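Undergrad:
In the numbering used here, the protein residues as written are 29 to 87.
1) At the level of alpha carbons, what is the spacing between residue 58 and residue 87?
2) Taking the CB atoms as reference points, tell me whether residue 70 and residue 63 lie closer together than 8 Å.
3) Anyone know if the C-beta pair for residue 93 and residue 34 falls short of 8 Å?
4) Taking 8 Å as the limit between beta carbons, can you name the residues of its chain near residue 45, skipping five residues before and five after?
5) Apart from the five residues just before and just after residue 67, which ones in its own chain have a Cβ nearer than 6 Å to its Cβ?
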């Protein structure tokens with residue numbers, strides 16, 4: 029991602045967090061907002077496991 033996209037993402041995460049929303053900003057190396065979801069196709073990927081854990085925590 030561009031430094032500007034990351035800057036804006038940090039601002040959004042900060043504002044949501046101060047508003048009581050449980051947030052986590054995870055910058056993933058060379059991935060961008062188009063490619064970052066590719067690991068969700070692998071049920072054993074770190075991203076998939078994080079999503080499953082987050083879902084279980086709120087359900």
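Glycine residues also receive a C-beta, built at the ideal position from the N, C-alpha and C atoms.
For clarity, every value in this text was computed on a predicted model and none was experimentally measured.
TA: Quick look at the numbers:
1) 32 Å
2) no
3) Not covered by the structure: residue 93. The range shown for the chain is 29 to 87.
4) Here the set comprises 51.
5) 73, 75
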